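Undergrad: Read top to bottom, the protein sequences are chains A and W.
Throughout, this note's numbering is defined as the position within the first sequence, counted from one, plus 9.
Throughout, this note's numbering is defined as the position within the second sequence, counted from one, plus 25.
Glycine included, each C-beta is placed from N, C-alpha and C at the ideal position.
Computed from a predicted structure; not experimentally measured.
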Amino acid sequence: MAVAAICASIARADTVADLLKQYESLGASRFAAATAESMWTKTFLDAKTGEQRKCALCHTEDLKRTGKHAVTGKPIEPLAPSANPKRLTDPEHVEKWFARNCKWTLGRECTPQEKGDFLVMIRGK
Amino acid sequence: MKTATKLALVALAATLGAEAAQYARRDVYRVTNATYEKECGSCHFAYQPGWLPERSWRAIMSSLASHFGENAELKVSQRQEVLNYLVANSAEKANSLRSREIMEVIKPEETPTSITKVLYVGGIHGGFLDPAFKGKPQVKTLANCATCHEKSERGWFAPVTYEISDETFRVEDVDNSANMPVPSWLRIGKGK
Numbered sequence: 010m011a012v013a014a015i016c017a018s019i020a021r022a023d024t025v026a027d028l029l030k031q032y033e034s035l036g037a038s039r040f041a042a043a044t045a046e047s048m049w050t051k052t053f054l055d056a057k058t059g060e061q062r063k064c065a066l067c068h069t070e071d072l073k074r075t076g077k078h079a080v081t082g083k084p085i086e087p088l089a090p091s092a093n094p095k096r097l098t099d100p101e102h103v104e105k106w107f108a109r110n111c112k113w114t115l116g117r118e119c120t121p122q123e124k125g126d127f128l129v130m131i132r133g134k
Numbered sequence: 026m027k028t029a030t031k032l033a034l035v036a037l038a039a040t041l042g043a044e045a046a047q048y049a050r051r052d053v054y055r056v057t058n059a060t061y062e063k064e065c066g067s068c069h070f071a072y073q074p075g076w077l078p079e080r081s082w083r084a085i086m087s088s089l090a091s092h093f094g095e096n097a098e099l100k101v102s103q104r105q106e107v108l109n110y111l112v113a114n115s116a117e118k119a120n121s122l123r124s125r126e127i128m129e130v131i132k133p134e135e136t137p138t139s140i141t142k143v144l145y146v147g148g149i150h151g152g153f154l155d156p157a158f159k160g161k162p163q164v165k166t167l168a169n170c171a172t173c174h175e176k177s178e179r180g181w182f183a184p185v186t187y188e189i190s191d192e193t194f195r196v197e198d199v200d201n202s203a204n205m206p207v208p209s210w211l212r213i214g215k216g217k
């Protein structure tokens, strides 16, 4: 158990560092958890359905809690690494869900700056 | 086997009510592809491929950018792997009674892309979606099979438990092995 947790934390440090470097190479800089915090609860109007969407809708406002898929109700494991050590350990997984969830929530892809802000915010949870 | 022969057999079977010997399995085959289970099952019940015909899976997998209102895009390699798996195990290919029943109710000109709206599934469950329904479960969608069908993730939809008013109903477990006589799927008995 302890070994698994240590491995996960090393994998996470690498994953986040690599992704942030990548975002910086695309022009992002000075990642700020506070910016992501306010983005987290901001609502976005979905033009097609008229629904109000936000990150916290599925993931809840407390990242340590288990979330719930807005449509199917399927549980979503906590995003906070302190509650779920697997988080932020697989760069492909991170990028895939940024792509899907930014499009659903904001109606567009997130910018490298926004993604970096989110990573820094989630990492600290 | 020619389609005509197959149809004749199915018709004969329906008349005799004891054709199970033709099928290797009574219910759908469980999911055996890890990519499908992970990529699709993280948002919703990982419906077994034997629930829909090949044409339906192709239609679903070619419109993932707008998948029931959500973006569910996959990497090209994963999309291909999942599609191959679904097609190879689709309802018309699965040697299961359940898949055969599904194929019976889907018209040849139809390409359903929502399993819960196929009458075979949606019709039986319609009452649970009625806003006036007071029993359990109270669901927004039918997408969460495992709420009532406790073994459904293994491709096994019996036993089932649900409540209407204050009464608990339970469809008991049945044998899933080959060569069993066909039971009535809706043997509803009052539970404990």
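If you drop the 5 nearest sequence neighbours on each side, which residues of the same chain put their C-beta closer than 8 Å to that of Leu88 of chain A?
TA: The answer, listed in chain order, is His68, Leu72, Gly76, Arg96, Ile131, Lys134.
Undergrad: Hey, would you say Thr24 of chain A sits closer than 8 Å to Val80 of chain A, going by beta carbons?
TA: In this structure, Val80 of chain A does not lie closer than 8 Å to Thr24 of chain A by Cβ.
Undergrad: Note down, in chain order, all residues in the region 76-88 of chain A with a beta-carbon under 7 Å from any beta-carbon belonging to chain W.
TA: Against chain W - using a Cβ distance shorter than 7 Å - the residues of the region 76-88 of chain A are His78, Val80, Thr81, Gly82, Lys83.
Undergrad: Just the C-alpha distance for Gly147 of chain W and Asp155 of chain W, rounded to the nearest angstrom, thanks.
TA: One C-alpha to the other measures close to 12 Å.
Undergrad: Which residues in chain W sit within 9 Å of Ala108 of chain A, going by Cβ to Cβ distance?
TA: By Cβ distance, chain W contributes Asn96, Glu98.
Undergrad: Bridge partners for Thr193 of chain W per DSSP, in chain order?
TA: For Thr193 of chain W, which the question treats as bridged, DSSP gives the partners W:Glu188.
Undergrad: For Leu154 of chain W, does the three-state DSSP call read helix, strand or coil?
TA: In this structure, Leu154 of chain W counts as helix in the three-state DSSP scheme.
Undergrad: Taking the DSSP output, what are the residues bridged to Gln61 of chain A?
TA: Partner(s): A:Leu54.
Undergrad: To the nearest whole angstrom, what separates the beta carbons of Val53 of chain W and Trp76 of chain W, a pair I think is in contact under 8 Å?
TA: 6 Å between Cβ atoms; contact.
Undergrad: For Leu54 of chain A, which of A:Glu86, A:Arg117, A:Ser34 has the nearest alpha-carbon?
TA: Leu54 of chain A has its Cα closest to that of A:Arg117, out of A:Glu86, A:Arg117, A:Ser34.
Undergrad: Sort A:Ala13, A:Arg109, A:Trp106, A:Asp99 by Cα distance to Ala8 of chain A and report the nearest one.
TA: In this structure chain A extends from 10 to 134, so residue 8 of chain A is not present and cannot be described.
Undergrad: At a CB-CB cut-off below 8 Å, which residues of chain W make contact with Thr58 of chain A?
TA: In chain order: Gly94.
Undergrad: From the beta carbon of Lys112 of chain A, is the nearest beta carbon of chain W less than 8 Å away?
TA: It does: the Cβ of Lys112 of chain A has a partner Cβ on chain W nearer than 8 Å.
Undergrad: Roughly how many angstroms lie between the CA atoms of Gly152 of chain W and Pro84 of chain A, to the nearest whole one?
TA: Going from the Cα of Gly152 of chain W to the Cα of Pro84 of chain A covers about 24 Å.
Undergrad: Establish whether the CB of Ala71 of chain W and some CB of chain A are separated by less than 8 Å.
TA: Not one chain A Cβ lies under 8 Å of Ala71 of chain W.
Undergrad: Does Asn120 of chain W pass the burial test, meaning 16 or more other C-beta atoms within 10 Å, or should it be called exposed?
TA: Answer is exposed; the Cβ neighbour count stays below 16.
Undergrad: Quick one: measure Cβ to Cβ for Tyr187 of chain W and Cys170 of chain W, integer angstroms, because I've assumed they're closer than 8 Å.
TA: Not confirmed; about 12 Å, so no contact.
Undergrad: Between the region 161-193 of chain W and chain A, which residues of the former have a C-beta closer than 7 Å to a C-beta of the latter?
TA: Those would be Lys165, Thr166, Ala168, Asn169, in chain order.
Undergrad: Could you tell me the boundaries of the alpha helix (DSSP H) in which Trp113 of chain A lies?
TA: From DSSP, the alpha helix (DSSP H) with Trp113 of chain A extends over 100-115.
Undergrad: Tell me, please, whether the CB atom of Cys273 of chain W is closer than 8 Å to any CB atom in chain A?
TA: Given a span of 26 to 217 for chain W in the structure shown, any question on residue 273 of chain W remains unanswerable.
Undergrad: Looking at the structure shown, is Lys77 of chain A part of a helix, part of a strand, or coil, going by DSSP?
TA: Strand.
Undergrad: Would you kindly report the start and end of the unbroken alpha helix (DSSP H) that includes Pro90 of chain A?
TA: Unbroken run through Pro90 of chain A: none, as it is neither H nor E.
Undergrad: Would you say Ile131 of chain W and Pro78 of chain W are within 8 Å of each other, going by their C-beta atoms?
TA: Contact flag set, yes.
Undergrad: From which residue to which residue does the alpha helix (DSSP H) around Cys16 of chain A run?
TA: It spans 11-34 - the alpha helix (DSSP H) in which Cys16 of chain A sits, taken as one unbroken run.
Undergrad: How many whole angstroms separate the CB atoms of Arg55 of chain W and Gly160 of chain W, which I take to be in contact at a CB cut-off of 8 Å?
TA: Going by Cβ atoms, the distance from Arg55 of chain W to Gly160 of chain W rounds to 29 Å, so no, they are not a contact pair.
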